[in-house]
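Enquirer: The structure that follows is given in the form of structure tokens.
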Amino acid sequence: MIESYMLWVWLAVFIIAFIVEACTQDLVSIWFSVGALVSLILSIFDNIPYWVEIIVFVVVTAITFVLTRPLVKKVLKNQIRKTNVDEFVGKEVLALKDITREIPGEVKINDVIYSAVLMPGENKIEANSYCEIVSISGNKLIVKNIEKEI
Numbered sequence: 004m005i006e007s008y009m010l011w012v013w014l015a016v017f018i019i020a021f022i023v024e025a026c027t028q029d030l031v032s033i034w035f036s037v038g039a040l041v042s043l044i045l046s047i048f049d050n051i052p053y054w055v056e057i058i059v060f061v062v063v064t065a066i067t068f069v070l071t072r073p074l075v076k077k078v079l080k081n082q083i084r085k086t087n088v089d090e091f092v093g094k095e096v097l098a099l100k101d102i103t104r105e106i107p108g109e110v111k112i113n114d115v116i117y118s119a120v121l122m123p124g125e126n127k128i129e130a131n132s133y134c135e136i137v138s139i140s141g142n143k144l145i146v147k148n149i150e151k152e153i
């Protein structure tokens, strides 16, 4: 009796795992999709008991996970996901206030004012002079002097 419903169970597991995979950026359920697909194919044959399909699902899912997960982690680890503020690095910006080692200053980018601190090795950036953003640390921009007066 239960064998007749297993086709629909495996189809549902496959579709749900596939949808979850499509909605995420990391590979989290592709292995379940593969296992469900193999079990779905087995469920077409009437002479295979449902418990065999379940065992095949578990084994295929485990094997695909073990064989592909290290490769997937390596590939996904190398993908650098940039944020909107990453586009600021390398930009020349106007210092609105003096920026010293002791006191952070302010810079303006796209009509938004940001807090800025000096890059190590820099002494001071005067107000109304240009500086370059070299990196971002938390909510502060790290800047260096470029000696370009307005």
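So in this note's numbering, the last spot in the sequence shown is 153, and the numbers never skip.
Where is the CB? At the ideal position from N, CA and C, for every residue including glycine.
Given the structure is predicted, the values throughout are model-derived calculations rather than measurements.
Is it right to say I153 is buried, meaning 16 or more other beta carbons lie within 10 angstroms of its own, or is it exposed?
Expert: Reliability of the predicted coordinates at I153 is poor, the pLDDT of 49 falling under 50, and the value obtained from them is presented with this limitation in mind. When all chains shown are included, I153 counts as exposed.
Enquirer: For I47, which of helix, strand or coil comes out of DSSP?
Expert: Reduced to three states, the DSSP call for I47 is coil.
Enquirer: Could you check the C-alpha separation between M9 and L74 for me, to the nearest Å?
Expert: Taking the straight line from one Cα to the other gives about 32 Å.
Enquirer: Taking V3 as part of the beta strand (DSSP E), name the residues at either end of that continuous run.
Expert: Residue 3 is absent from the model: the chain starts at 4 and stops at 153.
Enquirer: Thinking C-alpha only, which one of G141, K127, S138 is nearest N148?
Expert: Looking at the Cα atoms, K127 is the closest of the given residues.
Enquirer: Rounded to whole angstroms, what's the CA-CA distance from Y117 to P107? Just pull it up for me.
Expert: When rounded, the distance between both Cα atoms is 10 Å.
Enquirer: When DSSP labels each residue in this structure, what does K111 get in the three-state scheme?
Expert: K111: strand per DSSP, three-state reduction.
Enquirer: When you compare the CB positions of L144 and V115, do they come within less than 8 Å of one another, or not?
Expert: Their beta carbons are not under 8 Å apart, which means L144 does not touch V115 by this criterion.
Enquirer: So L45 packs on E56, CB below 8 Å; how close in whole Å?
Expert: Contact holds; Cβ gap of about 5 Å.
Enquirer: From V16 to K77, what distance separates their C-alpha atoms?
Expert: Roughly 27 Å separates the two Cα atoms.
Enquirer: Using beta-carbon positions only, say whether V12 and V23 come within less than 8 Å of one another.
Expert: The answer is no: Cβ separation not under 8 Å.
Enquirer: Can you tell me whether W34 is buried or exposed, with buried defined as 16 or more other CB within 10 angstroms of its CB?
Expert: So W34 counts as buried.
Enquirer: Excluding the five sequence neighbours on either side, which residues of its own chain have a C-beta within less than 7 Å of the C-beta of A20, listed in chain order?
Expert: Excluding sequence neighbours, A20 sits near S32, F35, S36, A39.
Enquirer: Buried or exposed: T64, going by 16 or more other Cβ atoms within 10 Å of its Cβ?
Expert: When all chains shown are included, T64 counts as buried.
Enquirer: Please report the straight-line C-alpha distance between F48 and V61, rounded to a whole angstrom.
Expert: In a straight line, the C-alpha of F48 is about 19 Å away from that of V61.
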